[in-house]
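What follows is a single structure, written as structure tokens, with notes after it.
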Amino acid sequence: MQLGTRWAFGDEPPRSVPMELRPGIVAAESGTPDGAGRHWTLTWLEGRPIAELDDGTVVTLEAPGGQGAGDDGDDW
């Protein structure tokens, strides 16, 4: 089992945040005009890291098979 962690918007992510996820976090922060007082939360779902900002912004790695982890495919 892997436990999540939290860190402040704009701070260097902790070591537990995978390097592959960090560019997405940087991009999300650069697109957010005011991150004061916000925090990121790192969680793990089925072995994949998910970083979520307090405002609902989600950064994740692409799931195997080409679908993003946030795409549940129920758009019918």
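FYI, the numbering for the sequence shown is 47 to 122, going by the numbering used here.
Here a beta-carbon is modelled for each residue, glycine too, at the ideal position from N, C-alpha and C.
Under the DSSP definition of a beta bridge, Arg-61 lacks any partner. Sixteen is the threshold: when 16 or more other Cβ atoms of the shown chains lie within 10 Å of the Cβ of Trp-86, as they do, the residue is buried. Taken through DSSP and simplified to helix, strand or coil, Arg-84 comes out as coil.
Here Pro-79 carries a coil assignment [DSSP, helix/strand/coil]. If you draw a straight line from the Cα of Ala-73 to the Cα of Val-105, it comes to about 9 angstroms. Here the C-alpha atom of Pro-95 lies approximately 13 angstroms from the C-alpha atom of Arg-52. Close CB contacts of Pro-64 within its chain, under the 7 angstroms cut and outside five residues either way in sequence, are with Pro-95 (chain order).
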